[in-house]
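Colleague: Here it is, the structure, as structure tokens.
Numbering (our numbering), first residue to last: 298 to 610.
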């Protein structure tokens, strides 16, 4: 957002907060710097965009229609705008502060950071106890942001999904109830419209983009739903062993996690790595670049190749 636009929006908020009576669009035009004083059409477009943007970030602009006036009036009611009194125990505030640092993905970090800023502005201390440990939640699955927003907005989604133990990809249409982490993996729980039943989907098996369908609030999450129980009763995959060639002098983390590492004579060592999900293993190996190559099994090798081709595209 440009500095000029930021100043205009801030001036508009101050103007609508300070007024004791609703102001017409023309009065706002004269009072708020940044609006075109000569071009009516340009002003109307800009004013409509500004109102929509302020409402999207949670600022309640009220519209008042006076029967004695031709044009509606606008104002921001201070009670609806201001943050209500917040009463949190010290340990509750500390947990919120800790949660704001957990998320790695940018959009969740921004939301958590914004909430933390509001709490501090309201006088709530969110100081954390210093610790050498730093918590992080790994949300690297590409489908996570879209599914998290769909759960929040209660919007149906459609995506391509590869079933366990199969290379076939089917399109699923789901009413998302929640996104849950279990044993380091993320799952989507919801109502599968095509099958007419509750289903759980592992995010690492979603291929391609996630499309949202319909309007927000299109469905209701069942009362008393236990998402963790839904995910907990899913099948536990059998662990297998992958053979990975590792360039000598690199990939220390992979070497520590491997069951065994056999030294080679050509500048490469061979490691045996236990895995359950080929896609999760592929994400790890692909992140190591040219220093690690999966040689077996074929499905794990193909998963790495798909990741690298996707990055190239």
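Don't be surprised by glycine CBs; every beta carbon is placed ideally from N, CA and C.
#1: Comparing alpha-carbon positions, which option in 300, 569, 519 and 574 lies nearest residue 589?
#2: Quick one: residues in its chain with C-beta nearer than 7 Å to the C-beta of residue 575, no 5 flanking neighbours on either side, listed in chain order?
#3: Give me, in chain order, the residues of the same chain whose beta-carbon lies closer than 8 Å to that of residue 315; leave out the 5 immediate sequence neighbours on both sides.
#4: Roughly how many angstroms lie between the CA atoms of residue 346 and residue 449, to the nearest whole one?
#5: Provide the residue(s) that pair with residue 503 in DSSP beta bridges, ordered along the chain.
#6: Between which two residues does the alpha helix (DSSP H) containing residue 304 stretch?
#7: So, are the CB atoms of residue 438 and residue 505 less than 8 Å apart?
#8: Quick one: give me the first and last residue of the beta strand (DSSP E) that residue 367 is part of.
#9: Is it true that the stretch 541-551 meets the stretch 470-481, where meeting means three or more beta-carbon pairs spaced less than 8 Å apart?
#10: Distance check for residue 497 and residue 447, CA to CA, integer angstroms please.
#11: Kindly indicate which three-state DSSP category residue 595 falls into: helix, strand or coil?
#12: Once you ignore the five residues that flank residue 508 on each side, which residues in its own chain have a CB closer than 6 Å to its CB?
#13: List the endpoints of the continuous alpha helix (DSSP H) containing residue 696.
#14: Give me the residue from 519, 362, 529 and 467 with the minimum Cα distance to residue 488.
Modeller: Reading off the structure:
#1: To locate residue 589, count along the chain shown from 1; it is residue 292. Minimum Cα distance to residue 589 is reached at 569.
#2: For this step, residue 575 is matched to residue 278 along the chain shown. Excluding residues up to 5 positions away in sequence, 596, 597 and 600 lie with their Cβ nearer than 7 Å to the Cβ of residue 575 in the same chain.
#3: Here residue 315 corresponds to residue number 18 of the chain shown, with the count starting at 1. Within the same chain, and ignoring the five residues on either side of residue 315 in sequence, no residue has its Cβ closer than 8 Å to its Cβ.
#4: For the purposes of this step, residue 346 is identified with residue 49 of the chain shown, where counting begins at 1. For the purposes of this step, residue 449 is identified with residue 152 of the chain shown, where counting begins at 1. Answer to the nearest angstrom: the Cα atoms are 24 Å apart.
#5: Locating residue 503 in the chain shown gives position 206, counting from the first residue. As a beta-bridge residue in DSSP terms, residue 503 pairs with 458.
#6: Sequence index remark: in the chain shown, residue 304 carries index 7 (1-based). Annotation: the continuous alpha helix (DSSP H) that includes residue 304 extends over 300-315.
#7: Counted from its first residue, the chain shown places residue 438 at position 141. Counted from its first residue, the chain shown places residue 505 at position 208. At least 8 Å separates the beta-carbon of residue 438 from that of residue 505.
#8: Counting from 1 along the chain shown, the entry for residue 367 is found at position 70. No beta strand (DSSP E) holds residue 367; DSSP gives it neither H nor E.
#9: Three or more beta-carbon pairs separated by less than 8 Å are not found between the stretch 541-551 and the stretch 470-481, which leaves the two stretches without contact.
#10: On the chain shown, residue 447 is found 150 positions in, with the first residue counted as 1. On the chain shown, residue 497 is found 200 positions in, with the first residue counted as 1. Between residue 447 and residue 497, the C-alpha separation is close to 15 Å.
#11: On the chain shown, position 298 is the one that residue 595 refers to. In the three-state DSSP reduction, residue 595 falls in the helix class (H, G or I).
#12: As a first step, residue 508 is located in the chain shown; it is residue number 211 there, counting from the start. Answer for residue 508: 455, listed in chain order.
#13: Since the first and last residues shown for the chain are 298 and 610, residue 696 lies out of range.
#14: For the purposes of this step, residue 488 is taken as the residue at position 191 of the chain shown. Cα-wise, what sits closest to residue 488 is 519.
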